[in-house]
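Peer 1:
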Amino acid sequence: MKIGPLDIPSRVLLAPMAGVTDHIYRVICREFSAGLVYTEFVSSNGIIRENERTLEMLHFEERERPIGIQIFGDDADILAESAAYLTESLEPDLIDLNFGCPVPKVTKKGAGSAILKDQGKVGEVCEKVVNAVDIPVTVKMRSGWSDKEIVAPEYAQLMESLGIAAVTVHGRTTQIRYEKPSDNTVIAATKEAVDIPVIGNGDILQPEDGRRMIDETGCDGVMIARGALGNPWILHRTNHYLETGELLPEPDYADRLNLCFRHLQLKEEEKDSTLAAMLMKKNIGWYLKGMPNASTMRQLINTSDESQEMYEILRDYAKELNVKLTAEEPALSYQKSV
Ligand SMILES: Cc1cc2nc3c(=O)[nH]c(=O)nc-3n(C[C@H](O)[C@H](O)[C@H](O)COP(=O)(O)O)c2cc1C
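Numbering-wise, our numbering puts 262 at position 241 of the sequence shown, and it's gapless, one number per residue.
Okay, structure coming up:
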């Protein structure tokens with residue numbers, strides 16, 4: 022797949038996820054064949070005010086490329102200014118506009134998916150941001166605000182006419198949040214409506230779901246969010262399945278514990294032991310999901326405040342499961358393949 026002039030090395034993309042797709046997790050997911058990774062959404066207001074925390078969230082390394090920075094806001098000029106600032110200062114591969122966030126704190130201000138209620142605003146934002154930068158600008162949107170206002174196919178045409186380089190469609194409306202299954206027909210209609218790449222998103226939890234989405238919609242790529250929580254293997258397994266038809270096995274306990282260990286190590290290189298421990302709790306919980314005694318292990322992990330303690334817990338757990346921990350020298354079972 023190509024987005025503008027940018028080569029995307031696999032059709033399986035890691036979705037932006039607030040509090041999850043930080044620098045370390047993006048590095049890991051690129052190693053697991055994510056064709057493109059994104060920062061979590063960042064406020065355009067925070068960017069132009071050079072808010073320290075906002076800018077910290079945008080730190081990335083060369084090995085994460087191709088990488089998109091996702092921005093949100095309600096003011097077209099501020100969005101354009103922040104996109105120009107980021108393009109100049111950080112040189113991401115693309116800027117992605119968030120037209121999908123359903124969280125009231127964001128939509129009340131007219132940002133995120135609330136923009137979908139106002140076609141004029143959609144056009145104004147896309148036009149100004151595209152004109153402000155010389156890298157591809159993409160949009161990630163929900164199918165519409167409600168079942169009665171499905172706008173993705175029509176808006177994708179408008180976006181294409183204004184120079185947007187690709188659109189991602191999550192097949193759910195803002196109103197249903199996550200309640201009903203994602204609707205592939207909206208993604209198919211969007212693909213029909215435009216020539217730019219369309220990326221399908223929603224409910225890909227297994228490689229076969231990715232195949233089905235492409236078969237049902239003709240979309241150019243698929244994007245995975247919740248399915249990749251503690252499970253970057255899904256990116257590689259889905260890509261491999263799409264390319265070869267072969268279904269690779271799920272990661273085993275050793276794969277999971279070793280990656281969990283390595284994730285903690287990487288986090289510790291970046292943050293101090295206490296902060297690393299705090300930030301890793303939810304990730305470790307996700308890695309251990311479905312493993313023997315996972316809830317007891319999660320409780321233990323949640324009560325530890327230092328990464329050293331977490332290593333000990335993981336080492337004891339590995340012994341209990343008769344798993345050899347090799348992560349002290351990182352040993353991914355899938356090497357970087359794209
Ligand atoms: C924890 C979490 C954080 C998310 N943060 C963002 C975000 O920052 N930007 C965005 O566009 N979507 C965000 N999303 C939505 C996902 O990118 C995706 O569109 C949605 O979860 C549907 O995909 P899935 O069925 O694969 O989870 C988030 C989702 C989750 C679960």
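Each residue gets a CB set at the ideal place from its N, CA and C atoms; glycine is no exception.
This one's a predicted model, so the numbers in the text were calculated from it and none came from an experiment.
Determine which residues share a DSSP beta bridge with S64 and list them.
Peer 2: Its beta-bridge partners are F93.
Peer 1: How big is the Cα-Cα spacing for E350 and G223?
Peer 2: In this prediction, E350 scores a pLDDT of 43, lower than 50, which makes its location untrustworthy; the coordinate-derived value is nonetheless stated afterwards. For E350 and G223, the distance between alpha carbons rounds to 35 Å.
Peer 1: Can you tell me whether N222 sits near ligand 1, meaning its C-beta is under 7 Å from at least one heavy atom of the ligand?
Peer 2: N222 Cβ: within cutoff of ligand 1.
Peer 1: Using beta-carbon positions only, say whether G204 and G221 come within less than 8 Å of one another.
Peer 2: Note on identity: in this sequence residue 204 is Asp, with Gly being the wrong assignment. No, the pair does not count as a contact, with Cβ atoms beyond the cut-off.
Peer 1: Beta-carbon within less than 7 Å of A352's beta-carbon, same chain only, minus the 5 sequence neighbours each way: which residues are those?
Peer 2: Summary for A352: the model assigns pLDDT 38, below 50, so the residue's position carries little reliability, and this model does not support an answer.
Peer 1: Suppose you measure from the CA of P36 to the CA of Q329; what does that come to, to the nearest Å?
Peer 2: Residue 36 is actually Ala in this sequence, not Pro. The straight-line gap from Cα to Cα measures roughly 31 Å.
Peer 1: Since I believe T238 is in contact with P123 (beta carbons under 8 Å), could you give me their beta-carbon distance rounded to a whole number of angstroms?
Peer 2: The Cβ separation is near 22 Å, so there is no contact.
Peer 1: Using 7 Å as the cut-off, classify the Cβ of C122 as near or not near the heavy atoms of ligand 1, replying yes or no.
Peer 2: Yes, since a heavy atom of ligand 1 falls inside the 7 Å radius drawn around the Cβ of C122.
Peer 1: Alpha carbon to alpha carbon, what distance is there between A339 and L346?
Peer 2: L346 and A339: Cα-Cα distance of roughly 7 Å.
Peer 1: CB E181 to CB D216, shorter than 8 Å?
Peer 2: For E181 and D216, yes; Cβs fall inside 8 Å.
Peer 1: CB of G40 to nearest heavy atom of ligand 1: below 7 Å?
Peer 2: Yes, the Cβ of G40 comes within 7 Å of a heavy atom of ligand 1.
Peer 1: Does ligand 1 have even one heavy atom less than 7 Å from the beta-carbon of N119?
Peer 2: Checking the Cβ of N119 against ligand 1 gives yes.
Peer 1: Can you give me the C-alpha to C-alpha distance between T211 and D293, rounded to a whole angstrom?
Peer 2: Each residue's alpha carbon lies about 45 Å from the other.
Peer 1: Consider the Cβ of Y46: report whether some Cβ of chain C lies at a distance smaller than 8 Å.
Peer 2: This model lacks chain C altogether; it includes just one protein chain.
Peer 1: Report all residues from its chain with a CB closer than 6 Å to the CB of L309; omit the five preceding and five following residues, and keep chain order.
Peer 2: Closer than 6 Å at the Cβ level, and outside the excluded window around L309, lie A315 and M318.
Peer 1: Per DSSP, G221 forms a beta bridge with which residues?
Peer 2: Bridge partners of G221: V190 and V243.
Peer 1: Measuring only the C-alpha atoms, how far is A39 from G266?
Peer 2: Near 32 Å, if we compare the C-alpha coordinates of G266 and A39.
Peer 1: Within 8 Å, do at least three Cβ pairs link the stretch 43 to 52 to the stretch 136 to 150?
Peer 2: With a cut-off of 8 Å, the stretch 43 to 52 and the stretch 136 to 150 do not count as touching, because too few Cβ pairs lie within range.
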